[in-house]
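Student: Just passing along the structure, written as structure tokens.
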Amino acid sequence: MAIKTEPFVINIGPVHPSTHGVFRMRATLDGEVIVDLEPVFGYLHRGIEKLAEERTYTGVIPLTDRLDYIASMSNNLAYVLAVEKLAGIAVPERAEYLRVIMAELQRIAAYLVAIGAFLNECGAFFTPFLYMFREREKIIDLFEMVSGQRLLYNYMRVGGVSQDIPEEFLPALGEFLKQMPRFIDEYDRLLKQNEILLARAKGIGILTKEKAVNCSVSGPVLRASGVKWDIRKADPYSIYDRFEFEIPTGEVGDCYDRYRVRIEEMRQSLRIIEQAMEQIPSGAVKSEVPHLIRPPVGEAYAHIEAPKGELGFYLVSDNSIAPYRCHIRAPSLMNLTALREMVIGWKIQDAIIIFGSIDITVGEVDR
Amino acid sequence: MEVDEQAGLYVYSDTELDRAEGAAIESLKAHCQQAIPDPDKWLEEELRRNILLTSVDFMLNWARRSSLWPAICFPACCAFELIAANASRFDLSRFGMEILRASPRQADLMITAGTLTWKMAPQVKRIYDQMAEPKWVIAMGACGISGGIFASSYNVVPGYSRIIPVDVYVPGCPPRPEALIYGIRMLHHKISQRHTIEG
Amino acid sequence: MILSLSGKEVAAQLEQQFPGSIIASSENNFLVKSESLLDIAEYLKSSPELDLDYLNHITAVDYYDYFEVVYQLTSIKHNHSLVLKTRCYGRDNPLVPSVVSLWQGADFQEREIYDLMGISFDGHPNLKRIFLWEGFQGYPLRKDYL
Numbered sequence: 085m086a087i088k089t090e091p092f093v094i095n096i097g098p099v100h101p102s103t104h105g106v107f108r109m110r111a112t113l114d115g116e117v118i119v120d121l122e123p124v125f126g127y128l129h130r131g132i133e134k135l136a137e138e139r140t141y142t143g144v145i146p147l148t149d150r151l152d153y154i155a156s157m158s159n160n161l162a163y164v165l166a167v168e169k170l171a172g173i174a175v176p177e178r179a180e181y182l183r184v185i186m187a188e189l190q191r192i193a194a195y196l197v198a199i200g201a202f203l204n205e206c207g208a209f210f211t212p213f214l215y216m217f218r219e220r221e222k223i224i225d226l227f228e229m230v231s232g233q234r235l236l237y238n239y240m241r242v243g244g245v246s247q248d249i250p251e252e253f254l255p256a257l258g259e260f261l262k263q264m265p266r267f268i269d270e271y272d273r274l275l276k277q278n279e280i281l282l283a284r285a286k287g288i289g290i291l292t293k294e295k296a297v298n299c300s301v302s303g304p305v306l307r308a309s310g311v312k313w314d315i316r317k318a319d320p321y322s323i324y325d326r327f328e329f330e331i332p333t334g335e336v337g338d339c340y341d342r343y344r345v346r347i348e349e350m351r352q353s354l355r356i357i358e359q360a361m362e363q364i365p366s367g368a369v370k371s372e373v374p375h376l377i378r379p380p381v382g383e384a385y386a387h388i389e390a391p392k393g394e395l396g397f398y399l400v401s402d403n404s405i406a407p408y409r410c411h412i413r414a415p416s417l418m419n420l421t422a423l424r425e426m427v428i429g430w431k432i433q434d435a436i437i438i439f440g441s442i443d444i445t446v447g448e449v450d451r
Numbered sequence: 006m007e008v009d010e011q012a013g014l015y016v017y018s019d020t021e022l023d024r025a026e027g028a029a030i031e032s033l034k035a036h037c038q039q040a041i042p043d044p045d046k047w048l049e050e051e052l053r054r055n056i057l058l059t060s061v062d063f064m065l066n067w068a069r070r071s072s073l074w075p076a077i078c079f080p081a082c083c084a085f086e087l088i089a090a091n092a093s094r095f096d097l098s099r100f101g102m103e104i105l106r107a108s109p110r111q112a113d114l115m116i117t118a119g120t121l122t123w124k125m126a127p128q129v130k131r132i133y134d135q136m137a138e139p140k141w142v143i144a145m146g147a148c149g150i151s152g153g154i155f156a157s158s159y160n161v162v163p164g165y166s167r168i169i170p171v172d173v174y175v176p177g178c179p180p181r182p183e184a185l186i187y188g189i190r191m192l193h194h195k196i197s198q199r200h201t202i203e204g
Numbered sequence: 166m167i168l169s170l171s172g173k174e175v176a177a178q179l180e181q182q183f184p185g186s187i188i189a190s191s192e193n194n195f196l197v198k199s200e201s202l203l204d205i206a207e208y209l210k211s212s213p214e215l216d217l218d219y220l221n222h223i224t225a226v227d228y229y230d231y232f233e234v235v236y237q238l239t240s241i242k243h244n245h246s247l248v249l250k251t252r253c254y255g256r257d258n259p260l261v262p263s264v265v266s267l268w269q270g271a272d273f274q275e276r277e278i279y280d281l282m283g284i285s286f287d288g289h290p291n292l293k294r295i296f297l298w299e300g301f302q303g304y305p306l307r308k309d310y311l
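Structure, rendered in structure tokens:
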């Protein structure tokens with residue numbers, strides 16, 4: 085006997101237990117299979133682009149902290165690079181090395197949260213998350229030594245960094261670098277061949293190469309689909325061309341590949357930090373810039389490889405002390421364009437896992 | 006089982022739902038132009054009359070404050086300090102608070118961790134209304150107290166006290182987990198002075 | 166290193182294919198008429214030596230007389246990038262053709278520009294507000310808001 089069914093629209097969010105924030109998906113279901121999905125956001129739209137137009141160039145830096153609040157150092161770096169490109173300001177060597185060390189440490193911290201939250205949604209309720217937070221606390225201790233803050237550092241400045249590192253920073257960083265590979269191996273040993281993770285994440289949410297490039301996806305999601313595109317190698321900013329590291333890519337583009345890409349990239353980040361620690365010179369950490377920066381009339385776009393993807397700032401200046409227009413190219417928003425393609429045909433529980441593997445931060449999506 | 010072909014249409018653009026939600030947000034915004042005063046009038050009254058708590062009150066207050074269950078309301082950055090407070094180093098489970106219930110009906114504390122926008126405000130109010138009495142609210146962070154660094158923006162509510170009554174304010178941007186634990190201890194102190202049974 | 170294609174060279178190449186559509190060109194970018202935007206974009210995407218298949222971002226800037234819409238395109242295979250601009254005049258109902266059919270990444274970005282600046286995109290399948298709610302009056306990122 086044939087049963088007639090009708091599609092049914094439900095809301096997933098905006099308040100839901102996975103830690104990605106206030107994000108809502110309006111899913112049209114046929115039974116348990118998703119037929120259509122519409123992401124609805126804007127619940128954290130704070131108007132940062134408009135607020136940036138009424139602050140000075142240095143005063144925008146705390147606002148950029150709050151974009152992707154898990155990876156503040158990267159946001160600061162992208163904005164400061166854009167202002168330096170616009171105004172033509174050079175940065176001293178020691179500041180460049182400090183920036184690279186901070187950015188790579190921040191990448192490890194952000195990936196720890198991403199993998200922990202992803203496994204949270206796969207069903208390993210909080211155990212890997214708490215393990216990863218133990219390491220993240222060590223990285224946060226290092227950042228607290230440098231900037232005094234635990235989460236939103238406000239450390240980079242136009243022309244360098246805001247202050248030099250204390251003497252105990254480099255020995256503590258050396259200690260951390262000795263211990264961390266052992267911990268990454270511990271996570272890998274627990275999770276790489278784990279039956280439940282393989283059953284829930286392998287083959288789920290496949291994103292093909294062509295679709296990924298067409299949807300302007302970037303970051304680990306793009307690399308997991310097989311495209312070898314990393315801005316640190318393709319368009320090196322700061323001093324990344326002096327370091328040796330590899331770019332891990334996946335083959336299939338499913339959730340398991342995204343998880344593998346993140347674990348491998350953490351190992352590569354540790355390599356970069358070791359090389360930077362050996363080569364760091366002494367000297368000034370900030371070049372002489374005027375207190376109120378007035379760049380010449382023009383525009384500039386600077387992008388970096390943030391933990392979520394390609395983060396870019398497009399600045400237009402009209403020779404006044406505040407930016408005329410500041411547009412933020414948010415990687416989480418672009419990566420969401422592919423969500424609908426990846427989710428149609430799977431069930432709700434798979435949709436949560438696919439959404440978790442893209443790893444967004446709503447502060448960046450909504451700005 | 007056959008699927009009805011006609012009903013499997015592309016329902017991506019559902020503007021009626023959007024318009025209804027937009028109307029709800031506009032009406033809430035018009036309604037909440039003044040801040041709700043803090044619910045602490047009863048504290049001053051107690052001090053003036055100098056009433057002693059009965060032993061039943063003492064037991065009830067002890068039970069209530071030792072196992073406050075927070076409801077989930079994680080808009081923004083302060084959420085990560087709340088999660089860090091729950092994690093291994095600053096363990097909130099020693100206060101009986103490790104259960105982060107997704108369902109607001111089983112919760113009695115709302116820690117508002119993040120900036121509130123007018124688009125989100127009806128949902129937060131709905132969660133607050135769904136919590137069962139007695140319930141308390143901790144406004145965490147500068148954005149929760151007064152809008153914080155974003156106060157002059159077009160979409161940001163200047164503080165949670167516009168839409169729900171707040172008991173404890175914890176300043177910071179974001180407040181350290183130790184500051185949050187201090188705020189929770191202040192709330193414990195406030196609960197322990199509640200006079201539940203009259204007479 | 167990503168090579169930034171020179172606006173002048175690409176403009177000269179395009180002038181032969183689509184005469185009369187280039188308004189101005191400089192070292193970093195070039196400006197086209199909004200009517201011929203879709204044809205030029207299709208040519209930029211499908212021509213084998215340019216092959217600009219990755220759309221980095223779309224922005225709009227409010228200069229008081231006109232709005233300028235800026236597209237940044239990259240080619241992953243050849244590792245070069247290009248900036249394309251177009252303008253639309255009038256503050257009541259500015260209109261620009263949509264490039265969603267070529268690069269799907271433009272979907273949310275065009276909705277955002279519609280929401281915050283008020284520029285409509287002709288040919289977008291689902292042009293409605295994305296960050297603010299339906300019924301919000303005005304376009305916040307314009308210079309004359311509040």
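Protein chains in written order, with this note's numbering: chain A, 85 to 451; chain B, 6 to 204; chain C, 166 to 311.
Beta carbons are placed, not taken as given, at the ideal position from N, Cα and C, and that holds for glycine.
1. Can you tell me whether C/P305 is buried or exposed, with buried defined as 16 or more other CB within 10 angstroms of its CB?
2. Can you tell me whether DSSP reads A/D325 as helix, strand or coil?
3. Can you check whether the CB of C/Y236 is closer than 8 angstroms to the CB of C/L215?
4. When the distance is taken between beta carbons, is C/G288 closer than 8 angstroms to C/P259?
5. When DSSP labels each residue in this structure, what does B/L185 get in the three-state scheme?
6. Please check the pair B/I30 and B/P139, which I expect to be a contact at CB under 8 angstroms, by giving their CB distance rounded to whole angstroms.
7. Does any C-beta atom of chain C lie closer than 8 angstroms to the C-beta of A/S300?
8. Whose CA, out of A/P320, A/Y321, A/P332 and A/R413, lies closest to the CA of A/V311?
9. Which whole-angstrom value is the C-beta distance of A/L158 and A/A187, which I expect to be below 8 angstroms?
10. For C/H289, name the three-state secondary structure that DSSP assigns.
11. If the criterion is Cβ atoms closer than 8 angstroms, does the pair A/S309 and A/G289 meet it?
12. Which chain C residues sit within Cβ distance under 9 angstroms of B/K130?
13. Along the chain, where does the beta strand (DSSP E) that runs through C/H245 open and close?
14. Examine the Cβ distances between the stretch 112-123 of chain B and the stretch 152-163 of chain B and report whether three or more of them are shorter than 8 angstroms.
15. To be precise: take each residue of the stretch 256-280 of chain C, compare its Cβ to all Cβ atoms of chain A, and keep it if any distance is under 7 angstroms. Which residues remain?
16. Report buried or exposed for C/Y231, applying the criterion of at least 16 other Cβ atoms within 10 angstroms of its Cβ.
17. Give the residues from the stretch 17-46 of chain B that approach chain C closer than 8 angstroms (Cβ to any Cβ), ordered along the chain.
18. Which residues in chain C sit within 7 angstroms of A/T421, going by Cβ to Cβ distance?
19. Could you name the residues that DSSP lists as bridge partners for C/T239?
20. Kindly indicate if chain A contains any beta-carbon less than 8 angstroms away from that of C/Q237.
21. Could you pull the DSSP bridge partners for A/D269 from this structure?
22. In the DSSP assignment, find the unbroken beta strand (DSSP E) run with B/Y174 in it and report its ends.
23. Give every residue of the same chain whose Cβ lies closer than 8 angstroms to the Cβ of C/G172, excluding the five residues on either side of it in the sequence, and list them in chain order.
24. Let me confirm a value: B/W67 is counted as buried when at least 16 other C-beta atoms fall within 10 Å, else exposed. Which label applies?
25. How many Å lie between B/V8 and A/R110 at the Cα?
26. Could you tell me whether the Cβ of B/M81 comes closer than 8 angstroms to any Cβ of chain A?
27. Using a Cβ-Cβ cutoff of less than 6 angstroms, which residues in the same chain neighbour B/F79 once the five nearest sequence positions on both sides are dropped?
28. Does DSSP put B/P109 in a helix, in a strand, or in coil?
29. Expressed to the nearest angstrom, what Euclidean distance is found between the alpha-carbon atoms of A/L196 and A/L121?
Tutor: Inspection of the coordinates gives the following:
1. Under this definition C/P305 is a buried residue.
2. Here DSSP, grouped into helix, strand and coil, assigns A/D325 to helix.
3. Their beta carbons are not under 8 angstroms apart, which means C/L215 does not touch C/Y236 by this criterion.
4. No, they are not a contact pair.
5. Looking at B/L185 - three-state DSSP - the assignment turns out to be helix.
6. About 29 angstroms separates the beta carbons of B/I30 and B/P139, which is beyond the 8 angstroms limit, so they are not a contact pair.
7. Judged by the 8 angstroms Cβ criterion, A/S300 is in contact with chain C.
8. If we check each option's Cα against that of A/V311, A/P332 comes out closest.
9. A quick correction: the sequence has Ser, not Leu, at residue 158 of chain A. Separation of the CB atoms of A/S158 and A/A187 is rounded to 6 angstroms, and the pair is thereby assigned contact status at 8 angstroms.
10. DSSP, reduced to helix, strand and coil, places C/H289 outside both helices and strands of the structure shown, so it counts as coil.
11. In this structure, A/S309 keeps its C-beta atom at 8 angstroms or more from the C-beta atom of A/G289.
12. Residues of chain C whose Cβ lies closer than 9 angstroms to the Cβ of B/K130 do not exist, since the nearest Cβ in that chain is about 15 angstroms away.
13. Counting along the chain, the beta strand (DSSP E) containing C/H245 begins and ends at H245 to Y254.
14. These segments touch.
15. Within the stretch 256-280 of chain C, the residues whose Cβ lies closer than 7 angstroms to some Cβ of chain A are W268, Q269, G270, D272 and F273, listed in chain order.
16. Counting Cβ neighbours within 10 Å, C/Y231 comes out exposed, since fewer than 16 surround it.
17. Those would be Y17, S18, T20, D23, R24, E26, G27, A28, I30 and E31, in chain order.
18. Ordered by position in chain C, the residues that pass the 7 angstroms Cβ test against A/T421 are Q269, G270, D272 and F273.
19. Per DSSP, C/Y219 and C/S246.
20. Judged by the 8 angstroms Cβ criterion, C/Q237 is in contact with chain A.
21. Answer by DSSP bridge pairing: none, since A/D269 is not bridged.
22. Going by DSSP, B/Y174 is part of the beta strand (DSSP E) stretching over V173 to V175.
23. Cβ within range, chain order: S190, S191, E192, N193, N194, F195, L247 and V248.
24. Around the CB of B/W67, fewer than 16 other CB atoms lie within 10 Å, so the residue is classed as exposed.
25. Note on B/V8: pLDDT 35, under 50, position unreliable in the model; the coordinate value appears next. Taken atom to atom, the span from the alpha-carbon of B/V8 to that of A/R110 is near 20 angstroms.
26. The residue you asked about is not Met; residue 81 of chain B is Ala in the sequence shown. It does; some Cβ of chain A falls within 8 angstroms.
27. Hits under 6 angstroms: A118.
28. If DSSP states are grouped into helix, strand and coil, B/P109 belongs with the helices.
29. So the two alpha carbons sit approximately 28 angstroms from each other.
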